[in-house]
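One structure is given below, encoded as structure tokens.
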Ligand SMILES: Cc1cc2nc3c(=O)[nH]c(=O)nc-3n(C[C@H](O)[C@H](O)[C@H](O)COP(=O)(O)O)c2cc1C
């Protein structure tokens, strides 16, 4: 239910008090990171929503900071990451809990790609690992057609 826009100047005021290391958080993404990092002198950044379904954001931000090129992830990369995430959840929590947790997360992995809306509605209804695997197979097929 988090909403609203972050005010980095207020975080910066805390930073200028020099009492604590300051970790800035809120609305940080690849789009605004360079501007923020050049304008402020925070000790670290914390990334929330931008990392949901986008675990490579941390590597991408480090690459950006080091002036390296960022390779845009394609759908196949996202599907590989999503499958890995699913695998780790099942390993940690067992199939039922993993599936129920992943219903809310999986759609983020395919956000912005073709047919995302259609597959989102399947992913939020999946009941088993076998449903998940079928949906992923369909998604790959649909995008390779
Ligand atoms: C799914 C989700 C769960 C969160 N849970 C908490 C929480 O338990 N405690 C808290 O202080 N903030 C929580 N937050 C807020 C985040 O820590 C963060 O401050 C906020 O999302 C803004 O950062 P972001 O724009 O990078 O997401 C949560 C945010 C999200 C999206």
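In this note's numbering, the protein residues as written are 3 to 147.
Virtual Cβ for every residue (Gly too), placed ideally from N, Cα, C.
None of the values given here were measured: they were computed from a predicted structure.
For residue 111, the uninterrupted alpha helix (DSSP H) run begins and ends at 108-111, by DSSP. The shortest CA-to-CA distance from residue 4 to any of 85, 126, 27 and 19 is the one to 27. Per DSSP, the beta bridge partners of residue 25 are 46. A residue is called buried once 16 or more other Cβ atoms fall within 10 Å of its Cβ, and residue 90, having fewer, is exposed.
Using a C-beta cut-off of 8 Å, the segment 59-68 makes no contact with the segment 80-94, since fewer than three inter-stretch Cβ pairs fall below that distance. According to the DSSP assignment, residue 142 belongs to the alpha helix (DSSP H) that extends over 131-146.
Relative to ligand 1, residue 50 has its C-beta within less than 7 Å of a heavy atom. Taking C-beta atoms as the reference points, residue 32 and residue 66 count as a pair closer than 8 Å. Per the coordinates, the alpha-carbon of residue 7 lies some 26 Å from the alpha-carbon of residue 72. The continuous alpha helix (DSSP H) containing residue 86 extends over residues 77-95. Judged by DSSP secondary structure, residue 60 falls within the alpha helix (DSSP H) whose first and last residues are 59-67.
In this structure, the alpha-carbon of residue 130 lies about 15 Å from that of residue 121.
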